[in-house]
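First the structure, in the form of structure tokens, and then the observations on it.
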Amino acid sequence: MRLADRRILLIVSGSISAYKVLELTRLLRKSGAAVTGVLTAGGARFVTKEALAGITGQRVHDDLWAAEAEIGHIRLARLPDLVVVAPASANMLAKMANGLADDLASTILLATRAPVLVAPAMNTAMWEHPATRANMAALTARGVRLVGPGVGAMAEPESGPGRLAEPAEIHAAIEAILAPEAGPLASRHILVTSGPTHEPIDPVRYIANRSSGKQGHAIAAALAALGARVTLVAGPVTLSDPPGVTTVHVETAREMLATCEAALPADAAVMAAAVADWRVAHEASQKMKKEPGADAPTLAMALNPDILATVSRHAQRPRLVIGFAAETEKVVEHAIAKRARKGCDWILANDVSGEVMGGDANRIHLVTDEGVENWPEMAKAEVAERLAARIAAWLG
Ligand code: C5P
Numbered sequence: 004m005r006l007a008d009r010r011i012l013l014i015v016s017g018s019i020s021a022y023k024v025l026e027l028t029r030l031l032r033k034s035g036a037a038v039t040g041v042l043t044a045g046g047a048r049f050v051t052k053e054a055l056a057g058i059t060g061q062r063v064h065d066d067l068w069a070a071e072a073e074i075g076h077i078r079l080a081r082l083p084d085l086v087v088v089a090p091a092s093a094n095m096l097a098k099m100a101n102g103l104a105d106d107l108a109s110t111i112l113l114a115t116r117a118p119v120l121v122a123p124a125m126n127t128a129m130w131e132h133p134a135t136r137a138n139m140a141a142l143t144a145r146g147v148r149l150v151g152p153g154v155g156a157m158a159e160p161e162s163g164p165g166r167l168a169e170p171a172e173i174h175a176a177i178e179a180i181l182a183p184e185a186g187p188l189a190s191r192h193i194l195v196t197s198g199p200t201h202e203p204i205d206p207v208r209y210i211a212n213r214s215s216g217k218q219g220h221a222i223a224a225a226l227a228a229l230g231a232r233v234t235l236v237a238g239p240v241t242l243s244d245p246p247g248v249t250t251v252h253v254e255t256a257r258e259m260l261a262t263c264e265a266a267l268p269a270d271a272a273v274m275a276a277a278v279a280d281w282r283v284a285h286e287a288s289q290k291m292k293k294e295p296g297a298d299a300p301t302l303a304m305a306l307n308p309d310i311l312a313t314v315s316r317h318a319q320r321p322r323l324v325i326g327f328a329a330e331t332e333k334v335v336e337h338a339i340a341k342r343a344r345k346g347c348d349w350i351l352a353n354d355v356s357g358e359v360m361g362g363d364a365n366r367i368h369l370v371t372d373e374g375v376e377n378w379p380e381m382a383k384a385e386v387a388e389r390l391a392a393r394i395a396a397w398l399g
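Residues 4 to 399 (my numbering) make up the sequence shown, in order.
As structure tokens, then:
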């Protein structure tokens, strides 16, 4: 009951994903929160007032002037500990960014002093439009918290960022804001790496890999949701920074290592980044030119530092160091050898010969000093939650 007696005002704006707020509300009430629903005109097209009232157990507000007669928009704005906008449509974000107050929801958002969490949901083109980019930049600069959007299949036959975060993710983001101190990892500092690294060839070219950062980012979010202070060192990814996590953006392996070392001490480290093993030995300071008739250039490579091995043998070694092993064959065998070679405590091994890289699911073999555990295939968010719970149990 981490959210016992916390008051949440849930604003539902127009998106086909709005049905997910019923499950979100169920999770919030199970955690002890009181939820008051507010529907915009668009939200009411996708979720009925009756359904939302039924699941919140409270009267739902959808009209500025009716609310005025009943409770008043100022009271509605002052009562909650947190205002959650889920789904937040492009229009709703634009109104928030510009301080419009032309209906009950936007008026509450302008009048509230409570923290605000938005869970955007829209078509990818709308999410990526410069107008929405600018609105999001304005909102996050103002302290509005963000969860999602996820990447994946949406109502339209296209795929990309814009999908409403899952109810469990939104619930975790809410817990991370309202009750971080109540989690089992409160007062712990955990370092996480995620994403690929980019190793420059010249000012416009680089060497990269297919890592999306989904698994590492999900782990950072899951640890924060359990109350940990998380430093996430992220290579170049298209994901948004997880809520409640201190995210440092880097490009190269050497920057990632320096940032990790600067972040120590930590109680635990989870190295999920797909760090490039090699970099170009001599980065060209000007764009390499294709001269007519000349041969293709040969790139001399240099070894990158191994961040996991360095942290595992560091003077300020975290008590628990966890690495990943992405393999395409002999997954467990290679992982056992890697655990010894790197000097880490646990290895999460996965078979990346299928669609793991960039995908949403993962099948993990956890290698520890006690042996090998084979986890069933599950969503990366679930892998993250399971690992976070294990780390919490281990750190005690
Ligand atoms: O050696 P390999 O790349 O297979 O090891 C994977 C594990 O080591 C991952 O946890 C990855 O984050 C970490 N690693 C690292 N620095 C490197 C290479 C890998 O931290 N240069």
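Backbone N, C-alpha and C fix where the C-beta goes; we use that ideal spot for every residue, glycine too. It should be emphasised that the depicted structure is a prediction, and the values quoted were computed from it without experimental measurement.
Opposite residue i in the DSSP bridges: which residues?
i: D354; result: E330
i: A114; result: None, per the DSSP bridge assignment.
i: T371; result: G374
i: V365; result: The sequence shown places Asn at residue 365, rather than the Val named in the question. In DSSP, N365 forms a bridge with M381.
i: R282; result: A305
i: W349; result: I325
i: L390; result: Answer is none; L390 lacks a bridge partner.
i: P123; result: A91
i: A271; result: I193 and L323
i: V400; result: Residue 400 is absent from the structure shown; the chain starts at 4 and stops at 399.
i: I14; result: V41 and V88
i: A277; result: P199
i: L149; result: V121
Is residue i near the ligand C5P - that is, is its Cβ less than 7 angstroms away from at least one heavy atom of it?
i: L311; result: yes
i: G346; result: no
i: K333; result: no
i: M2; result: The question about residue 2 has no answer, for the chain in this structure spans 4 to 399.
i: G238; result: no
i: V278; result: yes
i: N307; result: yes
i: T43; result: no
i: K341; result: yes
i: G163; result: no
i: F327; result: yes
i: T196; result: yes
i: A256; result: yes
Chain B beta carbons: is any one of them nearer than 8 angstroms to that of residue i?
i: I394; result: The structure shown contains no chain B, having only a single protein chain.
Using 7 angstroms as the cut-off, classify the Cβ of residue i as near or not near the heavy atoms of the ligand ADP, replying yes or no.
i: S20; result: Within the structure as shown, the ligand ADP is missing, the only ligands being the ligand C5P.
Using 8 angstroms as the threshold, is the region 125-135 in touch with the region 54-69, meaning 3 or more CB pairs across them? Verdict: no, contact absent.
Just list the beta strand (DSSP E) runs in the region 182-262, keeping only unbroken ones of 3 residues or longer that don't cross its boundaries, in chain order. 192-197, 202-205, 208-210, 232-237 and 249-252
Going along the chain, which unbroken runs of the alpha helix (DSSP H) with 4 or more residues stay wholly within the region 21-108? 23-33, 52-59, 67-73, 76-81 and 93-101
Counting Cβ pairs, one atom from each stretch, are 3 or more of them under 8 angstroms apart for the region 191-204 and the region 282-295? Yes, they touch.
Are the region 327-335 and the region 348-358 touching by the rule of at least three beta carbon pairs closer than 8 angstroms? yes
Say whether the region 226-234 touches the region 366-375, bearing in mind that this needs 3 or more beta-carbon pairs closer than 8 angstroms, one atom from each stretch. These segments do not touch.
Do the region 67-85 and the region 14-30 make contact, defined as three or more Cβ pairs closer than 8 angstroms? no
Evaluate the contact criterion for the region 296-310 versus the region 213-223: three or more CB pairs, one atom per stretch, below 8 angstroms. no
Three or more C-beta pairs under 8 angstroms: does that hold for the region 140-148 against the region 41-52? no
When the Cβ atoms of the region 164-174 are set against those of the region 208-218, are three or more pairs found closer than 8 angstroms? no
For the 8 angstroms Cβ check, are there 3 or more pairs between the region 264-271 and the region 184-194? yes
Validate contact between the region 234-250 and the region 315-322 using beta carbons, cut 8 angstroms, 3 pairs: no
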